[in-house]
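Visitor:
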Amino acid sequence: MRLGVIADDFTGATDIASFLVQNGMSTVQLNGVPSGDESFSTDAILVSLKSRSCPTEQAVSDSLAALRWLQQQGCERFYFKYCSTFDSTAQGNIGPVTDALLDALGEQQTIISPALPVNGRTVYQGYLFVMDTLLSESGMRHHPVTPMTDSNLMRLMERQARGKAGLIASAVIDQGPEAVQARLAALKADAVRYVVLDTLHEQHLLTQGAALKEMKLVTGGSGLAIGLARQLASGSRDRQQAEAAGAPQGGRAVVISGSCSTMTNRQVAAYRQQAAAKVVEVEACLADAQSYALQLCDWVEQNADGELAPLLFATSDAQQLQRIQQQYGAARSSEAVEYCFAAVARELQARGFQRFIVAGGETSGVVAQTLGVSAFHIGPVISPGVPWVRDTDQPLSLALKSGNFGDENFFARAQTEFPQ
Numbered sequence: 001m002r003l004g005v006i007a008d009d010f011t012g013a014t015d016i017a018s019f020l021v022q023n024g025m026s027t028v029q030l031n032g033v034p035s036g037d038e039s040f041s042t043d044a045i046l047v048s049l050k051s052r053s054c055p056t057e058q059a060v061s062d063s064l065a066a067l068r069w070l071q072q073q074g075c076e077r078f079y080f081k082y083c084s085t086f087d088s089t090a091q092g093n094i095g096p097v098t099d100a101l102l103d104a105l106g107e108q109q110t111i112i113s114p115a116l117p118v119n120g121r122t123v124y125q126g127y128l129f130v131m132d133t134l135l136s137e138s139g140m141r142h143h144p145v146t147p148m149t150d151s152n153l154m155r156l157m158e159r160q161a162r163g164k165a166g167l168i169a170s171a172v173i174d175q176g177p178e179a180v181q182a183r184l185a186a187l188k189a190d191a192v193r194y195v196v197l198d199t200l201h202e203q204h205l206l207t208q209g210a211a212l213k214e215m216k217l218v219t220g221g222s223g224l225a226i227g228l229a230r231q232l233a234s235g236s237r238d239r240q241q242a243e244a245a246g247a248p249q250g251g252r253a254v255v256i257s258g259s260c261s262t263m264t265n266r267q268v269a270a271y272r273q274q275a276a277a278k279v280v281e282v283e284a285c286l287a288d289a290q291s292y293a294l295q296l297c298d299w300v301e302q303n304a305d306g307e308l309a310p311l312l313f314a315t316s317d318a319q320q321l322q323r324i325q326q327q328y329g330a331a332r333s334s335e336a337v338e339y340c341f342a343a344v345a346r347e348l349q350a351r352g353f354q355r356f357i358v359a360g361g362e363t364s365g366v367v368a369q370t371l372g373v374s375a376f377h378i379g380p381v382i383s384p385g386v387p388w389v390r391d392t393d394q395p396l397s398l399a400l401k402s403g404n405f406g407d408e409n410f411f412a413r414a415q416t417e418f419p420q
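Using the UniProt record's numbering, the first residue of the sequence shown is number 1, and each one after it goes up by one.
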């Protein structure tokens, strides 16, 4: 075991797992901290938590439990994976979890590298961008749980955590791994606890991987995994063999979308022109989610024989979302929809559905938990950071997409390019 990954949500874990597999590391992902005596012989093992937006105390406790279990598996290097769009709230969990992991490992410094250039997430002078727009000026500023209102990663870490933040600029990273290591040492001598890394393209990720291969704890999005995997891969399993273990198979499929991100809105709009689609009404979820879920499942079955799978969506744009939250309350409406989606997933599985395409980190976690997914193999990539995965114990395949990932035709391509 070379690398233990603690991810703060389900899709974030599959995101980084796909990059590890693509770059030569055999990988297994687990949904939550195992309670039994499970053991895995892989280059990397991931524990996915639901700690992105839960109370801070729970996020810290769950993350430390994952760390202890990974240490028991023989892991010596660790990766705290969070969203490439970070979290600008002062009460966010990234800072406290990072502090707790550093303390538990007896370390004084780590890095902050949320960039994923292939998906347009870059960092320049410590500011986080989507394409050519500051994240705080993108659609993420309207996120219902973790709105991004500031793009300066040093400020964000110092608000959330208890230490000092610094920067290694792109000009230093351009000089190579040794220059990065020297700058890290200088910042450590100046008591800088969190070092933000500029990242403009994939070569920067490769340089970071070479510079950080001996660091006990790194933190960031999934992009850094590209560089680290190329340094740590043992060659015990090639990419094609690893992907084959998670290739999609099974019976009928359904698409479920709970994300309200800008890209998911575009994906839903495109897919509605191609396949049967039905909106999930918040009011009906609040009135009787279980009964309403059965009605939705009946509709899915009636439309399951088309060329493309039927879509159930609670996705809405920023104005619609604001109206829903004002009318029903943000937490109450979100919980009702999640409960309904859980009931839908449970019933469809009982009716023989074996392929689930899910959009949204929270929704993906709920669906996977409801379906009894505890561990799975990582399969072929649909879009950067979004692989198909296959349960290790039951005939069940899932495509779990973070809100802003994938292109507009993602839902259709997940089926047409990877037929059963």
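All C-beta atoms in this analysis are idealised placements derived from N, C-alpha and C, irrespective of residue type, glycine included.
Determine, using beta carbons only, whether Ile6 and Phe78 come nearer to each other than 9 Å.
Guide: Yes, these two residues count as a Cβ contact at 9 Å.
Visitor: Gly32 to Thr363, Cα distance in whole Å?
Guide: 15 Å
Visitor: Short of 7 Å in beta carbon distance, which residues of its chain neighbour Val337, apart from the five on each side in sequence? Order them along the chain.
Guide: Gly258, Val280, Val282, Cys285 and Ala314
Visitor: Alpha carbon to alpha carbon, how far is Gln408 from Ile357?
Guide: Note that residue 408 is Glu in the sequence shown here, rather than Gln. Rounded to the nearest angstrom, the gap between the Cα atoms of Glu408 and Ile357 is 14 Å.
Visitor: According to DSSP, Val192 sits in a beta bridge with which residue or residues?
Guide: Lys164
Visitor: In whole angstroms, give me the CA-to-CA distance for Gln354 and Ala253.
Guide: 6 Å
Visitor: CB-CB under 6 Å to residue 425, same chain, minus the five flanking residues each way: which ones, in chain order?
Guide: Absent from the structure is residue 425, since the part of the chain shown begins at 1 and ends at 420.
Visitor: If you reduce the DSSP assignment to three classes, tell me which class Tyr82 lands in.
Guide: Of the three classes helix, strand and coil, the one that applies to Tyr82 here is coil, per DSSP.
Visitor: At 4 residues or longer, and completely inside the segment 77-154: list those alpha helix (DSSP H) runs for me, N to C.
Guide: 94-105
Visitor: Can you list, in chain order, the residues of its chain with a C-beta nearer than 6 Å to that of His201? Leave out the 5 residues immediately preceding and following it.
Guide: Apart from sequence neighbours up to five positions away, the residues of its chain that approach His201 with a beta-carbon distance below 6 Å are Pro117, ordered along the chain.
Visitor: Just reading off the beta strand (DSSP E) that Asp391 is part of, what are its end residues?
Guide: Val386 to Asp391
Visitor: Count Cβ pairs between the segment 68-78 and the segment 33-49 that sit closer than 8 Å; are there 3 or more?
Guide: yes
Visitor: Between the alpha carbons of Gly166 and Thr199, how many angstroms are there, rounded?
Guide: 15 Å
Visitor: By how many angstroms is the C-alpha of Thr27 removed from the C-alpha of Ser236?
Guide: The pLDDT assigned to Ser236 is 49, lower than 50, so where the model puts this residue is not dependable, and the model offers no usable value.
Visitor: In three-state terms, what does DSSP make of Gln29?
Guide: strand
Visitor: If you pair each beta-carbon of the segment 211-223 with each one of the segment 111-129, do three or more pairs fall below 8 Å?
Guide: They touch, by the three-pair rule.
Visitor: If you draw a straight line from the C-alpha of Gly95 to the C-alpha of Leu396, how long is it?
Guide: 35 Å
Visitor: From the DSSP output, in three-state form, read off Ala44 for me.
Guide: strand
Visitor: Quick one: using the 10 Å Cβ neighbour count with 16 as the cut-off for buried, is Ser41 buried or exposed?
Guide: exposed
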